[in-house]
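Student: Quick one: the structure is below, questions incoming.
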Amino acid sequence: MKKSFLIILITFLNLNLFAQLNRPTDPLAHTYSIVARDANTGEMAVAVQSHWFSVGTAVSWGEAGVGVVATQSFTNKSFGMRGLAMLKSGLSPQEALDSLLNNDEGKAFRQVAILDVKGRVATHTGAKCIDEAGHANGKNFSVQANMMLNDTVVPEMEKAWKKYSDLPLAERMVKVLEAAQAQGGDIRGKQSAALLIVKPEASDEPWNDSVLDLRVDDHENPVKELNRLVKVYRAYQHMNQGDLYVEKAQMQEAMNEYNAAMEMFPDNLEMQYWTAITLANDGKTDKAVEMLQKIYAEDANWRELTKRLPKVGLLNVEDKELKKLLK
């Protein structure tokens, strides 16, 4: 019995050693990023760009009412969730960072930034992060980068954060990424980017606690694409508000919101379509028909959709008007 137990123990130890020697290596997310808090709204954000696929799945972490984390260079992804858990337990960003790095054999290769709901920050750039590497931080922000083309990236990121203080948080974060890229950014080039914004307070509906979560996983100009997506997000904010006004039968207010969205993206057929349907519901059939004819000419499926709306109460017109709308 003792001999059998010894064989099992030796086998287990050998398998454990094999697993340790052959575990997946830490993902390489050499990159530039910013963690920040909007002093006016309390919202917290992480924005990042890298010459690496789907950087947003590794570097950026956040939780409403808690804080945000950027973990990069030779990325330890656990630092994201563990760092947030430590903040949630009452630790300061510096205490959380110290705890994460305390038993980390790879800390010389790590770059980490943590920000909490009070705007306190803690940042670490390991001595073995690839040049050019560094960080700068202050109240409500930290910018950090490694494997940059030159040493002007981080200073320009800091300048951009301070310069664009009048912008909403999403647009301000993008400006910081643009400033980094304008200085050459990642020495390897560009591939992916991400922007995560969470609310200052957690609610009992955690699925609504993220303000914005955008990812550009693979693109020749990811920061430019991220900027475009922020604009699309703003346009759909108008669309969503318009829908709320429709529910309240406040058609003029709804039209104002839909028009604001269309001005931002005049070629977007969906924005045009729901504006036309709102016009129809408001009794402005001729204007609706004019818009719908142009939409149908682009894609006939919108005509089929119009046929289906009365059944579910989204188009409330007489049969005579409906025939005009389907013409």
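If you count by mature numbering (1 follows the signal peptide of the UniProt record, and there is no 0), then the sequence shown holds residues -19 to -1, 1 to 308, one letter each, in order. We put the beta carbon where it would ideally sit given N, CA and C, even for glycine. What you are looking at is a predicted structure, and each value in this text was computed from that prediction instead of being measured.
Do you know offhand how far Ala257's Cα is from Val213's?
Tutor: Going from the Cα of Ala257 to the Cα of Val213 covers about 20 Å.
Student: Starting from the Cα of Lys308, find the closest Cα among Ala175, Leu290, Arg284 and give me that residue.
Tutor: Considering only alpha carbons, the answer is Arg284.
Student: Just grab the DSSP bridge partners of residue 344 for me.
Tutor: This structure cannot speak to residue 344, because the chain is shown only from -19 to 308.
Student: Buried or exposed for Val155, please, with buried defined as at least 16 other CB atoms from any protein chain shown within 10 angstroms of its CB.
Tutor: By the neighbour-count rule (16 or more Cβ atoms within 10 Å), Val155 is buried.
Student: Using DSSP bridges, identify the partner residues of Asn118.
Tutor: Per DSSP, Ser123.
Student: Note down, in chain order, each residue of its chain lying with its Cβ closer than 7 Å to the Cβ of Asn3, except the 5 sequence neighbours on either side.
Tutor: For Asn3, the pLDDT reaches just 35, beneath the cut-off of 50, and the residue's location in the model is therefore unreliable, although a value from the coordinates is still provided. Closer than 7 Å at the Cβ level, and outside the excluded window around Asn3, lies no residue.
Student: Taking just the CA atoms, how far does Lys140 sit from Gly37?
Tutor: Between Gly37 and Lys140, the C-alpha separation is close to 24 Å.
Student: Ignore the nearest five residues each way along the sequence and tell me which others in Glu159's own chain have a CB closer than 7 Å to its CB.
Tutor: Val204.
Student: What residue range is occupied by the uninterrupted beta strand (DSSP E) comprising Asp263?
Tutor: That residue, Asp263, is in no beta strand (DSSP E); it is neither H nor E in DSSP.
Student: What three-state label does DSSP hand Ser59 in the structure shown?
Tutor: Correct three-state label for Ser59: helix.
Student: Keeping to the same chain, check which residues put their C-beta closer than 6 Å to that of Asp97; ignore five residues upstream and five downstream.
Tutor: Excluding sequence neighbours, Asp97 sits near Gly48, Leu68, Pro74.
Student: Going residue by residue through the region 142 to 166, where are the continuous alpha helix (DSSP H) segments of at least 4 residues, counting only ones entirely within it?
Tutor: Within the region 142 to 166, the complete alpha helix (DSSP H) runs of at least 4 residues are 150 to 163.
Student: Is Met25 close to chain B, meaning its C-beta is less than 8 Å from at least one C-beta of that chain?
Tutor: Looking at the structure shown, chain B is missing, and only one protein chain is on hand.
Student: Could you pull out every unbroken alpha helix (DSSP H) segment of at least 4 residues lying fully inside the region 85 to 110, listed in chain order?
Tutor: Correct list: empty.
Student: Alpha carbon to alpha carbon, how far is Gly61 from Leu78?
Tutor: About 11 Å.
Student: Taking the C-alpha atoms as reference points, what is the distance between Lys143 and Asn131?
Tutor: Distance between the alpha carbons of Lys143 and Asn131: 21 Å.
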